[in-house]
Structures are given as structure tokens and as C-alpha cells.
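Chains A and B supply the protein sequences, listed in that same order. Quick note: the first sequence, position 58, residue 58 per the UniProt record's numbering, numbers continuous. Quick note: the second sequence, position 300, residue 300 per the UniProt record's numbering, numbers continuous. In what follows, a structure is listed as C-alpha cells, so that the remarks can point back to it.
2 protein chains.
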Amino acid sequence: MDEFAAMSGISRPTLSKYFNDPTSVRSSTRQRIESALADVDYRPNMYAINQNRRMTNNIGIVVPYLADPFFAEIARVMEQHVIDAGFRPVLLGSHGLPSQEIENLDNLRLVKPAGVLLAPLGRTSELDRIADFCADVPTVFFDANIEPLGEAFSGSDNMQSIGLIVDYLCRTGEPPVFFEMKTPSNPNAYKRRNAYVAAMERLGQEPHLVQVEGEGWDFENIGFTGAQAVLSSRGLPSNTLLCSNDRLAIGLLAAAYQLGFRVGQGEGCALRVAGHDDHPFSRYTCPALTTVSQDYSAIATRAAEVLFGIIESGHRPDQKLESHFEGRLIMRGSA
Amino acid sequence: MDEFAAMSGISRPTLSKYFNDPTSVRSSTRQRIESALADVDYRPNMYAINQNRRMTNNIGIVVPYLADPFFAEIARVMEQHVIDAGFRPVLLGSHGLPSQEIENLDNLRLVKPAGVLLAPLGRTSELDRIADFCADVPTVFFDANIEPLGEAFSGSDNMQSIGLIVDYLCRTGEPPVFFEMKTPSNPNAYKRRNAYVAAMERLGQEPHLVQVEGEGWDFENIGFTGAQAVLSSRGLPSNTLLCSNDRLAIGLLAAAYQLGFRVGQGEGCALRVAGHDDHPFSRYTCPALTTVSQDYSAIATRAAEVLFGIIESGHRPDQKLESHFEGRLIMRGSA
DNA sequence: TAAAAAAATTAACGCGCGTAAAAAATAAAT
DNA sequence: ATTTATTTTTTACGCGCGTTAATTTTTTTA
């Protein structure tokens, strides 16, 4: 930067101001800088900047599992919002590991972010460590909430969305059984289970839970092997299965196909299967998966909006703001 | 670090040595440091370290598209190898954008990596910028090669793997038509096309290419819409389709299902479909996808091995080392 | 055109660490 | 108990930038 200052004839503090915010210098000097920039390709070192600024324009985005297309997609949407607002996204995935989640937060600290958007692992998260982090850095949760922590939450209204699909399934056929993991990794699983039970009771139906074994984030495989056992035992009280999420449903559909169960609403179908999330791949299952979509865009927009508001105003809200967005029924072939 | 030096009674340069390599200090001092570390949780600032060390133990990993489970998976394997070798992985995805790929390399420069493992976008990559980077940082390519660049390449032997599945398909039924994108994003697509043509000619069969429209990385959708057109026109010279990659096949299978084509090898099946890659989801298609696997682990191991060798020896090889690993036939239901 | 306001420059310090050289302390070898 | 080899400490500088305060220059306003 010293060299560039020498060759451009602009003092280093002015350059520093310019790179922080180009509009903060007189337009004539800005032009001088930009024409010098056209000759040599100088770019300030991001890490040296991070080290010195009290606060940067970095915004951390942390998701539980980047290899899950659902999180990859919502992270992508988040990133775009952050860029559009003039901030710099720093995307990190936790590989489903609580230790990695803490590691990510520790690494984020070093970047001195203006704020972070955090989709926590949930059940397995190390709450006290996350609480420490939230005390230092403005944090907005999305996808999954950790009740007392953070400035805000933006996510789906599981009660509404599960209610929606339960209503639909009951209206158009046998009431659904709920297909889920016994000890779910997914943080929304318990809410969905409760929402299912509530919806069934509201409709005067008896809820049934089918809980399959399995650990980790390989949901398709867990759904597949779980479904093999459940379907071949033929002990199901209903021909309709509502899965806690689409990835379980994808595994279930594969098992059903291999066992010769015909899935769908029409005549001659032995099974109806529905999911939740509108996972990027749910369009391509056979039959295509009936599910309820999460409003990715609204969730991302609200989370980003709230965080930007906090950053610009400079002080945190007294009360945690919670936004729950409704899901939409996506009717396809499977139910 | 100064504070920690004061409280632990160890001088800062010694601490600096310790954090760089714990075995480089006398074991008695190491114990003193570690017991002090147990009291206060001090950790050196990674970015300050990167700024000052001539070279770090960071290793960059760049893939074309992190939201593609195939790359997410191979990146995960790479990361693990890097960690096991005592280095620190820095994972970056290019979102399918050449500009992002360059941006990633520019950002990596700031971290002063000991080396980088690069899966390039291929066709659309900005070659001269990548060449600049390779001149400065030891780079090993994987998945896709850029002929004259980098110290080494580790990837699949497309000629062998496509040959394998073409052989299989010809042996067990009608010779396959090759289903691909007209202007593929995937860097291996051209090699696979050529391998298909070569394999067919070797077997005395006439090659047929079905090239569908579409840009970008939403391969399932491109396969789906392309297949709808192709299948309903019924102008196929064969009942067997070999897809350039599994994601196209996933879209194709969904289209076939919706149009009522029965896919598989048995009696009453109208279509056979095969893919390439053994994509994480290919087990869960209906029917499960017959494909040829890439040896993720071997590819990752070799790429990492070669890079570590270069880093440790301190000088680059005179000649580029190219490793091509054979694929394995994964026989499932679809062909 | 002089005074006031805004912007840029100079000079100097700080961030959190790496690193080099010389001096001092400790351990190993004789 | 010496000598020698190995570690550690002291001292000081550097990395690439942010930031502040005092000063000078430029622009705006009256």
C-alpha cells in the first residue's frame, strides 16, 4: 500500500479510507485512485484489514452440513443477500460436528465479523460456547432456533407447515404415519414431531410414530434401511407416510421401489409418501415427491435484514425477534 | 501472546516456536506451556500468523461447485487427508463461475498456502490467471486436468471407465446412445464423449450422440427437460442410454418415469440407463442407477501425497506427474 | 476575496504475530 | 568440574494495514 501510495501520489491514510468506503473521499481523488488502480493491480490484503479494523464488513454464515444440498442452497441464497447489502460473506459448514461448529465460531471471531447468521446443529450444539459467542458478536439464528440466544430467529413455522400437509393427507386418503429418526440430527425434527401429533389430534386422528435407527447425516441411507425393515414387516397402521424431511423420504422411496411397492395417489398404489422441505432433489424422485416447501428466500431475507438493522443501528434489540414463515404445499406424484 | 508469555513465564519467541511446531521445544518447556494453556484458553490468531510466516501450513482446496454432492464428497475426503497430514485445509467453491475461481485463488494467495489442490472449472476457466497462480504456488490438479499447468494431476481414467461401461452395455443388450449436454459445464465431458466414440468404434458399433440444451450446473433439470424432448420424440436408435454423468441420469430417470417408460434390464423394460461417477444419490434413484464409480479415495490420496512430497522436498518436479485411476462398474437396477 | 468548512497530508503508533542476532541459561558429554 | 552443544531469553525489527492528531491544502460559503 505504501508503494501504491508513492506511485499514485495519494497518501496512505487516504487510500485506506478509499478502500474502506470509496465514497468517503472526494470524487476527484477517487478518480485519481481509480485511474492508478487501472495501471497496477493492487488489492489490499483482506487479512491485514481484518486484523486492524475494530469491526469489518464480514458477515459469517454457518450451516450444519454443507454437503446437504438443502443447506448448500439456503447458504447460497444467504450469501447473495449479504453481497447485495455490501457485506462480505464468510461461509462455513460444520460437517455435522459440534466441535467443528465451535471451531467455526472461533475462527469467525478472528475475522471480527460485523455479525453472523447461524444455523445451529441444534440438539448436539455446545450451548454454553455458542452463548459466549453470541455475547460478543451480534448473531441471528436461522433454520433452527436456540431459544434464549441471539438477537433474532428466522425460520419455518413447522406447526403450520406440518399442519398443512397433515390436513392434505387426511383429506385425500388415510391419515399419515410419521416417519422419522429416533434420535434425529436435524434440529427441527422434534418440532415437526410435535406438530404432527398436534395436527392429528386436532383432526381427531390417532398419531403414529415410526422411528428408525441411525446416527449422523446420511439421511437417505437411514431412510432407506429403516424403510426396508418397516415396509417388509407390513405392520403399518396406514398406507400413508409423512417423513420428517425430504432426504428420509428419498431413501424411503428407493426402498419402496425395490420392494415393489407402488407409490402414488392413483388406483393400484400401495403407498403414499410425503416429505418436508422441498429439497432440491425432491423434484426428481420417482414418483416426484409431494412435500411442503420452506420459503428459503423469505427466511434468508428476514435474517439478513434483521442483522443489517442491528449492525447499522449499532445496538442490539432488547427483545429477541422471532419470524416464522409459512410453508407451501408442493403437490407432486407421491401423495 | 505477550500476556500469555507473561503469565506462563515463557518468552514469546519460544511460544511462537511451540505454536508452529510443539516438538521443536524442549519437552520440559512444552509441558510448562501446555499446563499454562490448560488454565487460560489462549490460541494464536491464525490470520496474524499467515501474515508473517513466509509459508504457512495451509493447503487450499478449490472445487468448481460445492452444492454438487459429488464435489462436496470429494472435497470432504481431500480435507481429511490434508488434516491427517498435519496441514490446515482451506476449502473454497467456485459456484461454477470462472470469476469466482480466480477470486478464490486470489484469496488463497493472501493465506500464503504451502500448496493447493485445484479441481478447475475446465472449459470456462481463465487459463492465464490460473497459470499465474501456478507459477507462484505449487498446485496439484484433480478431477480435471489443465494440460501444461501445475505439478501433477490426479483423476479418473475416463477412457477406461467409459470403455468399461460401454463394454458392459453392449455385452448385455443394445449398444448405448451417449446422452450429454451440448456445451457441457463439466470439465470431463469432452473426454468422456471421445472415450464413448472410441469404445463404440472398437466394438464395431456406430456411436450416437444425443446432445441436450442447457447452461450452468443444474444438471438434473437439464437432463430432465432434455430427456422429455428426446423420449417423447421416440427417435432414439437404441433403447440404451449412457449419460455423461450421474446427475444428468437422475434427471433422465425422473423424466422416463413420468412419461411411463419402464427402466431396467428385465422383461417389459423399455429403457436401460447408465451413468458415470457413482454420485452419492445414484443409489437412491428408481431404479437404482447402474454407473461406474470414480475412486474418490485413490484420487484424493494421490493428489495429496504428491503435493506433500513437493512441499517437504521444497522443490517442484521437472516433469508433470499424471495419475489416472480406473473406475469400477457399479451394477444396479437401471441397466 | 476573505473566512469557514471540508478534505488530504504528515507523522506516529498499534494490531498480533514471525524472525533474526546476540547474550544468557541449561543440558549433555568428556 | 569443564567443555561443548542445545535451548531459551532479550532485544529489535518487520508484515500490511487501521487510526489518530496535528498540520497543510483545497473547496465552499458568505
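Note that the Cβ used here is the ideal one computed from N, Cα and C, for glycine as well.
Under 7 Å between C-beta atoms of residue i and residue j
| i | j | result |
| --- | --- | --- |
| A274(B) | I165(B) | yes |
| A255(A) | F219(A) | no |
| A264(A) | S293(A) | Reading off the sequence shown, one finds Gly at residue 264(A), where the question assumed Ala. It is not a contact, given that the beta carbons lie outside the stated cut-off. |
| S156(A) | F325(A) | yes |
| L259(A) | F179(A) | no |
| L118(A) | F141(A) | yes |
| V90(A) | N58(A) | yes |
| A199(A) | G235(A) | no |
| N239(B) | E147(B) | no |
| I33(A) | Y18(A) | yes |
| T121(A) | P64(A) | It is worth fixing the name first, because residue 121(A) is Leu in this sequence and not Thr. Their beta carbons are under 7 Å apart, which means L121(A) touches P64(A) by this criterion. |
| N245(B) | N186(B) | yes |
| R302(B) | I310(B) | no |
| A288(A) | G333(A) | yes |
| V62(B) | L92(B) | yes |
| P22(A) | R12(A) | no |
| V77(B) | A304(B) | no |
| P98(A) | E126(A) | yes |
| A75(B) | V306(B) | no |
| A36(A) | S16(A) | no |
| A335(A) | R283(A) | no |
| S27(B) | S154(B) | no |
Closer than 7 Å to chain B by CB, residue i
| i | result |
| --- | --- |
| N20(A) | no |
| Q51(A) | yes |
| M181(A) | no |
| A48(A) | yes |
Residues near residue i by beta carbon distance below 7 Å, same chain, minus five either side
| i | result |
| --- | --- |
| A67(B) | none |
| I330(A) | D278, T290, T291, V292 and S293 |
| A270(A) | N239, F261 and R262 |
| P44(A) | M1 and F19 |
| R192(B) | N158, I162, S244 and H276 |
| A195(B) | N158, M159, I162 and G163 |
Contacts around residue i, its chain only, beta-carbon distance under 6 Å, and the 5 residues preceding and following it disregarded
| i | result |
| --- | --- |
| T56(B) | N50 and K112 |
| D100(A) | As written in the sequence, residue 100(A) is Gln, which differs from the Asp given in the question. Here the set comprises S94. |
| G226(B) | V212 |
| H208(B) | V177 and P237 |
| L203(A) | C170 |
| S233(B) | none |
| P69(A) | P280 |
| F133(A) | L105 |
| G60(B) | V90, L108, P113 and V116 |
Minimum Cβ-Cβ distance from residue i to chain A less than 7 Å
| i | result |
| --- | --- |
| E220(B) | yes |
| A335(B) | no |
| N45(B) | yes |
Cutoff 8 Å; reference residue i; Cβ partners in own chain excluding five residues on either side
| i | result |
| --- | --- |
| M221(A) | The question names Met, but residue 221(A) in the sequence shown is Asn. The residues are G214 and G251. |
| Y257(B) | V263 and C286 |
| P184(A) | R123, Y190 and S244 |
| P138(B) | A114, G115, V116, E151, L307, I310, I311 and R316 |
| D136(A) | R109 |
>> Short of 7 Å Cβ to Cβ, which residues in the segment 54 to 78 of chain B face chain A?
In response: Answer in chain order: L66, A67, P69, A72, E73 and R76.
>> At 4 residues or longer, what runs of the alpha helix (DSSP H) sit wholly inside the segment 55 to 136 of chain A?
In response: Here the runs fully enclosed are 69 to 84, 98 to 110 and 127 to 136.
>> So if I threshold CB-CB distances at 8 Å, which residues from the segment 105 to 121 of chain A count as touching chain B?
In response: The residues in question are D106, N107, L110 and V111.
> Which ranges would you report for the beta strand (DSSP E) in the segment 144 to 182 of chain B if only whole runs of at least 3 residues count?
Replying inline: Fully enclosed beta strand (DSSP E) runs of 3 or longer: 152 to 156 and 177 to 181.
> Between the segment 273 to 287 of chain B and chain A, which residues of the former have CB atoms less than 9 Å from a CB of the latter, in chain order?
Replying inline: Residues passing the 9 Å Cβ filter: P280, F281, R283, Y284, T285, C286 and P287.
>> Give me the subset of the segment 158 to 178 of chain A whose CB atoms are less than 8 Å from a CB atom of chain B, sorted by chain position.
In response: Of all residues in the segment 158 to 178 of chain A, none has a C-beta nearer than 8 Å to a C-beta of chain B.
> Which ranges would you report for the beta strand (DSSP E) in the segment 180 to 246 of chain A if only whole runs of at least 3 residues count?
Replying inline: Qualifying beta strand (DSSP E) stretches, in chain order: 209 to 212 and 240 to 243.
> In the segment 243 to 257 of chain A, which residues sit with their C-beta less than 7 Å from some C-beta in chain B, listed in chain order?
Replying inline: Residues of the segment 243 to 257 of chain A with a Cβ closer than 7 Å to any Cβ of chain B, in chain order: I250, G251, L253, A254 and Y257.
> Taking any Cβ of chain A, which residues in the segment 223 to 235 of chain B have a Cβ under 8 Å from it, in chain order?
Replying inline: Within the segment 223 to 235 of chain B, the qualifying residues are F224.
>> As an exercise, report each continuous alpha helix (DSSP H) stretch of at least 4 residues that is fully enclosed by the segment 11 to 63 of chain B, in chain order.
In response: Restricted to the segment 11 to 63 of chain B, the alpha helix (DSSP H) segments that are unbroken, complete and at least 4 residues in length are 12 to 20, 27 to 39 and 46 to 52, listed in chain order.
> Which residue spans inside the segment 236 to 305 of chain B form an unbroken alpha helix (DSSP H) run of at least 4?
Replying inline: Segments of the alpha helix (DSSP H) lying fully in the segment 236 to 305 of chain B: 246 to 258.
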